[in-house]
Amino acid sequence: MTAKNERVLIAGAGPVGLVAANVLADAGIPVAVFEAEPALPQTLRASTFQPATLDLLARLDVSKLLINMGLVAPRMQYRDRKGWVAEFDFGAIGDETRHPYRLQCEQFKLNGLLVDRLARIPHAQVRFDARVTDVAQDADGVTLTIQNAAGAATTERGTWLIGADGGRSAVRDLLGVVLDGFTWAERFLVASTPFDFADVIPGLADVSYFADPEEWFFLLRVPGLWRVMLPVGAEEQDADILSDASIQRRLQRVHPNPAGYTIEHRTIYSVHQRVAPRYRVGRAFLAGDAAHLNNPLGGMGMNGGIHDAFNLADKLARVCLGQAEDALLDRYEAERRPVALDYVNKITIANKNNLETRDEAHQRTWREEMTRTAGDRRLAKEYLLKVSMISSLRRPEMHQGA
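Heads up: the sequence shown begins at 0 in numbering that gives the first Met the number 0, then just goes up one per residue.
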């Protein structure tokens with residue numbers, strides 16, 4: 000079945016926009032993706048794929064390809080600098096998912112797979128150097144003004160619009176939607192190095208969070224590199240933070256290395272906890288970072304956005320094909336916004352607070368709770384269902400009226 004006179008416009012060729020485009024195109028819906036950059040960015044950005052996300056991506060036949068490009072991480076640890084460890088084995092949820100592990104793989108690799116897949120579908124189009132500068136709606140559809148780097152403008156017409164153009168979303172601004180929430184005073188530094196921390200930290204898992212009241216850190220292994228995330232103060236200047244001397248000093252605190260560290264990449268992130276008050280404005284929708292932002296401790300931002308994309312695209316496909324009324328689309332916000340507010344925000348804020356707390360009673364209580372949870376198979380399974388985002392796809396409101 001194909002849709003007649005239906006076309007979905009998508010702003011943003013990141014994981015969210017490209018997943019939505021592939022789901023819609025598979026349903027026979029014509030799609031056009033507009034990306035402001037001249038080509039797919041090759042920056043590291045997100046690099047964690049949760050079990051729930053891999054299960055969804057299997058629908059597009061890209062999970063196996065992605066797994067071959069990445070690193071399977073079957074264990075996750077919480078630690079401190081004194082030797083305390085609480086370890087969680089994703090095998091505990093092996094009966095709940097086809098992918099009982101976190102996959103560590105840079106998001107641009109998924110983007111490449113998804114663009115290649117769209118290139119094989121005649122009714123799918125991806126345009127680069129195509130920045131959205133205006134959005135106009137009427138009763139029948141949406142008109143976008145698209146501008147290239149040279150300033151030349153064209154217009155594009157569709158029946159629906161998905162704004163998946165990231166945290167600085169032009170679509171969100173043009174729709175007049177402002178994210179509610181707050182921005183943390185501190186920022187996060189991510190430095191990538193080929194130094195193998197697993198050789199010097201006994202039993203280290205590929206995903207390891209180190210709690211410390213002075214300077215917590217997070218070690219995440221990707222193919223060929225370890226990514227180290229640390230907090231940086233609001234008063235610190237970017238040039239100082241990114242200097243070799245500053246990064247070496249911080250990494251030497253993670254583990255003394257007389258030879259010094261080779262730094263392959265370095266990035267500073269502003270850290271937000273924000274959610275849009277509405278995900279739908281007429282015929283336009285927001286998804287992924289355009290709709291919600293959270294700190295990266297827990298690897299839920301990109302994953303939640305991909306879940307948005309599947310949810311919304313499935314609903315849009317049914318409406319475009321005449322299988323459901325437009326009212327079905329109101330359920331997208333009703334189902335996905337509470338996940339961002341009550342699930343992702345709460346978990347990621349708690350992760351940050353638990354890693355950095357200077358309150359000794361809080362430290363002790365959290366460590367005892369993690370030790371008890373990791374040591375009890377039932378509790379460990381419940382915890383892993385939550386942090387793997389499987390639970391977020393099983394919330395009661397996700398099934399109302401289905």
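Cβ atoms here follow ideal geometry from the backbone N, Cα and C, with glycine treated the same way.
Who are residue 361's beta bridge partners in DSSP?
Against the sequence shown, residue 361 aligns to sequence position 362. Looking at the DSSP assignment, residue 361 forms no beta bridge with any residue, so it has no partner.
Here's a check: name, in chain order, each residue in its chain whose Cβ is nearer than 6 Å to the Cβ of residue 190, leaving out the five neighbours to either side.
Position 191 of the sequence shown, counting from 1, holds the residue named residue 190. The residues are 227, 246, 262, 265.
DSSP three-state assignment for residue 274, whether helix, strand or coil
Here residue 274 is taken as the residue at index 275 of the sequence shown, counted from 1. Collapsing the DSSP output to three states places residue 274 in a strand.
To which residues of the same chain is residue 22 closer than 8 Å at the C-beta, ignoring the five residues directly before and after it?
Taking the first residue of the sequence shown as 1, we reach residue 22 at position 23. Excluding positions up to five away in sequence, the list reads 58, 59, 308, 309, 312, 313, 316.
Report yes if the C-beta distance between residue 349 and residue 86 is below 7 Å; otherwise report no.
By one-based count along the sequence shown, residue 349 stands at place 350. By one-based count along the sequence shown, residue 86 stands at place 87. Against a cut-off of 7 Å, the Cβ pair of residue 86 and residue 349 comes out as no contact.
For residue 180, which three-state DSSP category applies?
The residue you call residue 180 lines up with position 181 of the sequence shown. In the structure shown, residue 180 sits in a strand (DSSP, three-state: E or B).
Would you decide whether residue 399 is buried or exposed? Buried here means 16 or more other CB atoms lie within 10 Å of its CB.
Position 400 of the sequence shown, counting from 1, holds the residue named residue 399. Model confidence at residue 399 stands at a pLDDT of 36, short of 50, so the residue's coordinates are unreliable; what they give is reported in the following sentence. Looking at its Cβ environment, which holds fewer than 16 other Cβ atoms inside 10 Å, residue 399 is exposed.
Determine the extent of the beta strand (DSSP E) in which residue 283 is found, giving its start and end residues.
The count along the sequence shown starts at 1 and reaches residue 283 at position 284. Counted as a single uninterrupted DSSP element, the beta strand (DSSP E) harbouring residue 283 occupies residues 283-285.
Tell me which same chain residues have a C-beta within less than 6 Å of the C-beta of residue 217, skipping the five on either side of it?
The residue given as residue 217 occupies position 218 in the sequence shown. Excluding residues within five positions, the ones whose Cβ falls inside 6 Å are 208, 228.
How about residue 145 and residue 384: are their beta carbons less than 7 Å apart?
Locating residue 145 in the sequence shown gives position 146, where the first residue counts as 1. Locating residue 384 in the sequence shown gives position 385, where the first residue counts as 1. 7 Å or more divides the Cβ of residue 145 from the Cβ of residue 384.
Should the region 2-11 be called in touch with the region 100-115, which here means at least 3 C-beta pairs below 8 Å?
Contact between the region 2-11 and the region 100-115 is absent: fewer than three C-beta pairs spanning the two stretches fall below 8 Å.
Which stretch, first to last residue, makes up the beta strand (DSSP E) that contains residue 404?
The requested residue 404 is not part of the displayed model; the chain covers only 0 to 401.
State the Cα-Cα distance for the pair residue 221 and residue 84, rounded to the nearest angstrom.
Sequence index remark: in the sequence shown, residue 221 carries index 222 (1-based). Sequence index remark: in the sequence shown, residue 84 carries index 85 (1-based). When rounded, the distance between both Cα atoms is 21 Å.
To the nearest whole angstrom, what separates the beta carbons of residue 273 and residue 291, a pair I think is in contact under 8 Å?
As a position in the sequence shown, residue 273 is number 274, starting the count at 1. As a position in the sequence shown, residue 291 is number 292, starting the count at 1. The pair is a contact, with the Cβ atoms about 7 Å apart (cut-off 8 Å).
To which residues of the same chain is residue 136 closer than 7 Å at the C-beta, ignoring the five residues directly before and after it?
As a position in the sequence shown, residue 136 is number 137, starting the count at 1. Short of 7 Å from the beta carbon of residue 136, and not among the five residues preceding or following it, lie these beta carbons of its own chain, in chain order: 281, 282, 283.
Among residues of its own chain, excluding the 5 on either side of residue 402, which ones have a beta-carbon nearer than 8 Å to its beta-carbon?
Any question about residue 402 goes unanswered here, given that the chain covers just 0 to 401.
Own chain residues within Cβ distance below 7 Å of residue 180, not counting five before or after:
Against the sequence shown, residue 180 aligns to sequence position 181. Once the five neighbours on either side are set aside, the close Cβ partners of residue 180 are 271, 272, 273, 274.
Taking the straight line between their C-alpha atoms, what separation do you get for residue 237 and residue 267?
To locate residue 237, count along the sequence shown from 1; it is residue 238. To locate residue 267, count along the sequence shown from 1; it is residue 268. For residue 237 and residue 267, the distance between alpha carbons rounds to 8 Å.
CB of residue 409 within 7 Å of CB of residue 390, strictly:
Residue numbering for the chain in the displayed model covers 0 to 401; residue 409 lies beyond these limits and cannot be assessed.
Inside the region 34-58 only - beta strand (DSSP E) runs reaching at least 3 residues:
Entirely contained in the region 34-58, not one beta strand (DSSP E) run reaches 3 residues.
Which value, in whole angstroms, describes the spacing of the CA atoms of residue 342 and residue 321?
Taking the first residue of the sequence shown as 1, we reach residue 342 at position 343. Taking the first residue of the sequence shown as 1, we reach residue 321 at position 322. The alpha-carbon atoms of residue 342 and residue 321 are separated by roughly 33 Å.
From 157, 120, 130, residue whose alpha carbon lies closest to that of residue 138:
Position 139 of the sequence shown, counting from 1, holds the residue named residue 138. Comparing Cα positions, the closest option is 157.
Which same chain residues, not among the five before or five after residue 392, have their C-beta less than 6 Å away from its C-beta?
In the sequence shown, residue 392 corresponds to position 393, counting from 1. Around residue 392: 51.
Proximity of residue 403 and residue 30 at Cβ, strictly below 7 Å
What the structure shows of the chain is the stretch from 0 to 401, and residue 403 is not part of that stretch, so it cannot be assessed.
Beta-bridge partners of residue 372, as assigned by DSSP
On the sequence shown, residue 372 is found 373 positions in, with the first residue counted as 1. DSSP lists no bridge partner for residue 372.
When DSSP labels each residue in this structure, what does residue 399 get in the three-state scheme?
For the purposes of this step, residue 399 is identified with residue 400 of the sequence shown, where counting begins at 1. Summary for residue 399: the model assigns pLDDT 36, below 50, so the residue's position carries little reliability; its value from the coordinates is reported in the next sentence. Residue 399 falls in the coil class under three-state DSSP.
Helix, strand or coil at residue 338 [DSSP, three-state]:
By one-based count along the sequence shown, residue 338 stands at place 339. The answer is helix: DSSP assigns residue 338 an H, G or I state.
Return helix, strand or coil for residue 124, following the three-state DSSP convention.
By one-based count along the sequence shown, residue 124 stands at place 125. Correct three-state label for residue 124: strand.
Sorted by chain position, which residues of the same chain lie with C-beta nearer than 7 Å to residue 380's C-beta, five sequence neighbours on each side aside?
Within the sequence shown, residue 380 is the residue found at index 381, counting from 1. 91, 92, listed in sequence order.
Sequence-distant residues of its chain with Cβ nearer than 6 Å to residue 176 (five each side left out):
Position 177 of the sequence shown holds residue 176. Once the five neighbours on either side are set aside, the close Cβ partners of residue 176 are 275.
Beta-carbon proximity list for residue 53, same chain, < 7 Å, skipping 5 on both sides:
Along the sequence shown, read from residue 1 onward, the residue named residue 53 stands at position 54. Answer for residue 53: 62, 98, 102, listed in chain order.
7 Å Cβ cutoff met for residue 206 and residue 254
Stepping through the sequence shown from its first residue, residue 206 is reached at position 207. Stepping through the sequence shown from its first residue, residue 254 is reached at position 255. Here residue 206 is not near residue 254, since their CB atoms are 7 Å or more apart.
Quick test of your reading: residue 20 and residue 123, contact by CB under 8 Å. State the CB separation rounded to the nearest angstrom.
Within the sequence shown, numbered from 1, the residue matching residue 20 stands at position 21. Within the sequence shown, numbered from 1, the residue matching residue 123 stands at position 124. With a Cβ gap of about 6 Å, residue 20 and residue 123 count as contacting.
Backbone CA spacing between residue 213 and residue 67 [nearest angstrom]:
Taking the sequence shown and counting its residues from 1, the one referred to as residue 213 is at position 214. Taking the sequence shown and counting its residues from 1, the one referred to as residue 67 is at position 68. Looking at the two C-alpha atoms, the distance is approximately 38 Å.
Do residue 185 and residue 257 have their C-beta atoms within less than 7 Å of each other?
Locating residue 185 in the sequence shown gives position 186, counting from the first residue. Locating residue 257 in the sequence shown gives position 258, counting from the first residue. For residue 185 and residue 257, no; Cβs fall outside 7 Å.
Express the C-alpha separation of residue 148 and residue 37 in angstroms, rounding to a whole number.
In the sequence shown, the residue the question calls residue 37 occupies position 38. In the sequence shown, the residue the question calls residue 148 occupies position 149. About 9 Å.
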